[in-house]
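First comes the structure, then the notes that go with it.
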Amino acid sequence: MPVEEVSVVPRSQLDAIRAKLQDPIPTTKEEERLRLKHLSQDRASRWTDTIQAQRTRRERSRQDRLEALEAERQEIDRMEAEEAAERRRLQVEAANRMLFSDNDRVRALHSRLLLSEVLVERQRQMAHAAGIRALEAASEQDWLQRQAAALKEAAAAEQRKLEDMKRRALEQRDVQMQQLEDLKAWILAEREQRRLLGQSIRAQAQAEAAELQLKEEEMRARARRALEDTQRANEVLQSFKQLEREREEQMNEAIQEYARQREVTAEDRKRREAEHRAEKEAQQKRLQDRMQATYIAAAAEQEARLARDVRLAEERADTSAADKAQERQREWEDIQRSRGLQLESRRREEEEQRAADRAFADAWSIRLKELKQEEREEAQKALERNRRYANFLQHQISRKQARTQATADQEFEEDLARQYVISDNDDVFEQYAKAHIDEWGRLGKPTKPMQLIVAQLRKQPLGN
Numbered sequence: 001m002p003v004e005e006v007s008v009v010p011r012s013q014l015d016a017i018r019a020k021l022q023d024p025i026p027t028t029k030e031e032e033r034l035r036l037k038h039l040s041q042d043r044a045s046r047w048t049d050t051i052q053a054q055r056t057r058r059e060r061s062r063q064d065r066l067e068a069l070e071a072e073r074q075e076i077d078r079m080e081a082e083e084a085a086e087r088r089r090l091q092v093e094a095a096n097r098m099l100f101s102d103n104d105r106v107r108a109l110h111s112r113l114l115l116s117e118v119l120v121e122r123q124r125q126m127a128h129a130a131g132i133r134a135l136e137a138a139s140e141q142d143w144l145q146r147q148a149a150a151l152k153e154a155a156a157a158e159q160r161k162l163e164d165m166k167r168r169a170l171e172q173r174d175v176q177m178q179q180l181e182d183l184k185a186w187i188l189a190e191r192e193q194r195r196l197l198g199q200s201i202r203a204q205a206q207a208e209a210a211e212l213q214l215k216e217e218e219m220r221a222r223a224r225r226a227l228e229d230t231q232r233a234n235e236v237l238q239s240f241k242q243l244e245r246e247r248e249e250q251m252n253e254a255i256q257e258y259a260r261q262r263e264v265t266a267e268d269r270k271r272r273e274a275e276h277r278a279e280k281e282a283q284q285k286r287l288q289d290r291m292q293a294t295y296i297a298a299a300a301e302q303e304a305r306l307a308r309d310v311r312l313a314e315e316r317a318d319t320s321a322a323d324k325a326q327e328r329q330r331e332w333e334d335i336q337r338s339r340g341l342q343l344e345s346r347r348r349e350e351e352e353q354r355a356a357d358r359a360f361a362d363a364w365s366i367r368l369k370e371l372k373q374e375e376r377e378e379a380q381k382a383l384e385r386n387r388r389y390a391n392f393l394q395h396q397i398s399r400k401q402a403r404t405q406a407t408a409d410q411e412f413e414e415d416l417a418r419q420y421v422i423s424d425n426d427d428v429f430e431q432y433a434k435a436h437i438d439e440w441g442r443l444g445k446p447t448k449p450m451q452l453i454v455a456q457l458r459k460q461p462l463g464n
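Quick note on UniProt numbering: the sequence shown kicks off at 1 and runs consecutively.
Right, dumping it as structure tokens:
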């Protein structure tokens with residue numbers, strides 16, 4: 001070795017290196033430290049919230065997952081091996097069946113088996129078609145009956161409604177006529193009362209005039225005062241007339257309000273009329289009391305009036321009578337005009353009611369037609385749904401029966417194929433044909449086609 005590659009290490013460093021490389025000599029203190037370390041590690045290994053415990057848990061979980069995957073792969077390999085073996089077995093059996101089925105006699109027998117299936121299916125289809133026709137006829141008859149019942153019920157309901165509307169209209173007309181008669185009687189009574197009151201006032205005035213004419217000389221001294229009293233009486237009379245006019249206007253307004261509110265209940269109308277009559281009677285009573293008091297005061301002071309005042313009073317009485325006649329004429333015209341307005345309003349209301357009734361009848365007729373059409377469409381839809389559902393059920397049943405029969409036939413053929421060796425031996429074919437004929441007979445299917453073909457094949461020589 002060259003000298004330049006040699007390193008010189010002091011003795012102390014060499015001893016330190018050797019001490020580090022050699023195992024330490026255990027001492028009592030060192031052994032205690034190691035024991036405590038092992039105890040600490042053992043205690044820490046049982047902790048679940050440490051990093052080491054989590055790392056260990058993850059490692060264990062990973063190992064378990066790998067073992068589960070390995071077990072699953074082994075199971076899949078085993079299942080695939082079994083499936084491959086089963087496929088090989090089925091392929092061999094299918095090849096054997098194909099070889100056996102390729103025989104002319106077997107094909108002829110299978111064709112007759114299919115012919116028997118066709119005959120059974122044809123009979124089932126004919127029975128199903130007959131059942132469908134019977135169901136359609138029954139459904140159509142039921143729909144016609146329900147339609148006739150619905151039309152009869154709708155016509156009866158419409159007739160009842162029209163009768164009820166007519167009855168209510170007649171009752172409303174009777175009530176309105178009775179109210180008009182009551183109002184007319186009340187107006188006539190009020191007019192008669194005012195006429196009697198005017199006659200009594202006129203009679204009293206005439207009596208006073210006669211008495212005043214006899215006492216003409218005595219009345220001259222109080223002529224001026226009587227004139228003033230007469231003026232006050234005229235003012236009172238004018239206020240009475242004003243009150244009468246206001247009362248008549250109120251009455252006309254009440255009549256118009258009554259015409260606008262004719263649909264209010266009878267109790268409310270009676271109550272308002274009673275309150276109105278009570279108020280009116282109270283007002284008339286107050287006016288009569290006031291007039292009576294004024295008249296008594298005026299009569300006591302008019303005993304000494306002059307003839308001129310009597311003449312003036314007579315002229316004023318004539319003027320007042322003419323005014324009252326004009327006022328009565330105006331009242332009569334107002335009443336006639338109000339009555340004409342009420343009659344016109346009632347005529348318009350009756351026309352509107354008749355138009356509304358006609359519109360309702362037309363709308364109800366259209367709605368009835370729509371309801372009938374909707375019922376027919378709904379019945380047709382229900383019939384179609386029932387028909388589709390029956391076809392679906394029949395199709396499902398047929399498919400299930402076909403699958404069941406196909407499975408049974410396949411199992412039966414597989415059993416026969418496994419039982420017999422592939423050959424053209426007559427005994428094997430006879431047994432195969434007999435097994436099919438017995439199975440078809442057990443299922444209730446026609447066996448005549450198979451029996452004929454077997455008898456025919458017995459007379460023919462062997463051959464494929």
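Glycine is no exception: its CB is placed at the ideal position from the N, C-alpha and C atoms. Here the structure is a predicted model, which means the values were calculated and not measured.
Can you check which of these residues, the options, is closest to residue i by C-alpha distance?
i, options, result
"residue 353", "53, 108, 169", "169"
"residue 325", "444, 377, 84, 199", "199"
"residue 330", "244, 377, 271", "244"
"residue 133", "285, 387, 164, 443", "387"
"residue 334", "348, 367, 283, 253", "253"
"residue 57", "68, 45, 67", "45"
"residue 184", "376, 339, 370", "339"
"residue 270", "347, 176, 361, 190", "176"
"residue 376", "147, 163, 195", "147"
"residue 162", "54, 370, 365", "365"
"residue 277", "208, 182, 328", "182"
"residue 357", "60, 166, 136", "166"
"residue 192", "128, 239, 171, 328", "328"
"residue 332", "51, 86, 188, 77", "188"
Kindly list the residues whose CB is nearer than 8 Å to the CB of residue i, restricted to its own chain and excluding five residues on each side of it in sequence; keep chain order.
i, result
"residue 151", "372"
"residue 75", "none"
"residue 62", "none"
"residue 126", "none"
"residue 136", "383, 387"
Take residue i and list the residues in its own chain whose beta-carbon comes closer than 7 Å to its own, dropping the five residues that flank it on each side.
i, result
"residue 174", "none"
"residue 42", "none"
Considering only the beta carbon of each residue, do residue i and residue j sit closer than 7 Å?
i, j, result
"residue 450", "residue 89", "no"
"residue 519", "residue 383", "Outside the displayed span of the chain (1 to 464) sits residue 519, for which this structure offers no information."
"residue 120", "residue 381", "no"
"residue 457", "residue 105", "yes"
"residue 143", "residue 359", "no"
"residue 154", "residue 341", "no"
Who are the Cβ neighbours of residue i in its own chain at under 6 Å, not counting the five residues just before and after it?
i, result
"residue 249", "none"
"residue 454", "433"
"residue 280", "none"
"residue 272", "none"
"residue 247", "none"
"residue 323", "none"
"residue 289", "none"
"residue 448", "none"
Exercise. Pick out the complete alpha helix (DSSP H) segments inside the region 41-75, 4 residues or longer, and give them in chain order.
Key: none
Quiz item: Can you list the alpha helix (DSSP H) stretches of 4 or more residues lying completely in the region 333-390, in chain order?
Solution: none
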